[in-house]
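S.K.: Pasting a structure below so you can have a look.
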Amino acid sequence: MKKRSNKYYLTLSLKEYANGETKPAKELGIEFENHDEIFSIIERIKAKNLFDSESEATQFALGLKLFGEIKLKHRHNPLFDEINEVFPAFMKKLKSL
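For the sequence shown, the residue numbers in this note's numbering are 1 to 97.
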């Protein structure tokens with residue numbers, strides 16, 4: 001039986017290039033699944049006040065959840081060998097803060 005996951009749709013829009021230009025506009029939309037409810041995780045990370053702004057907290061939480069889910073799904077891929085050793089300790093530390 002397949003584990004049930006939350007289903008998400010994420011839109012990423014490029015608002016302005018480093019040189020100040022706004023064209024050509026770029027946008028990417030992806031569908032993905034995650035076993036966690038990401039919005040509640042974002043709120044918990046924001047509440048920890050680990051970063052300079054709520055925007056940074058959101059970026060961190062979202063990036064971590066996207067990365068972590070792929071790492072978990074492909075944990076036997078040699079690419080993740082080193083991070084598989086330290087990731088559990090990192091997550092335990094984060095949850096304890």
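Note that the Cβ used here is the ideal one computed from N, Cα and C, for glycine as well.
Is it buried or exposed for Ala61, if we count other Cβ within 10 angstroms and need 16 for buried?
M.R.: buried
S.K.: Should Ala57 go down as buried or exposed, given a rule of 16 or more other Cβ atoms within 10 Å for buried?
M.R.: Burial check for Ala57: the Cβ neighbour count within 10 Å reaches 16 or more, so the residue is buried.
S.K.: Taking its Cβ as the centre, do 16 or more other Cβ atoms sit within 10 Å of Ile83, making it buried, or is it exposed?
M.R.: Burial call: exposed.
S.K.: Return the CA-CA distance between Ile45 and Lys65, expressed in angstroms with no decimal places.
M.R.: Between Ile45 and Lys65, the C-alpha separation is close to 12 Å.
S.K.: Between which residues of its own chain and Gly29 is the CB-CB distance below 6 Å, once the five residues before and five after are set aside?
M.R.: Thr11
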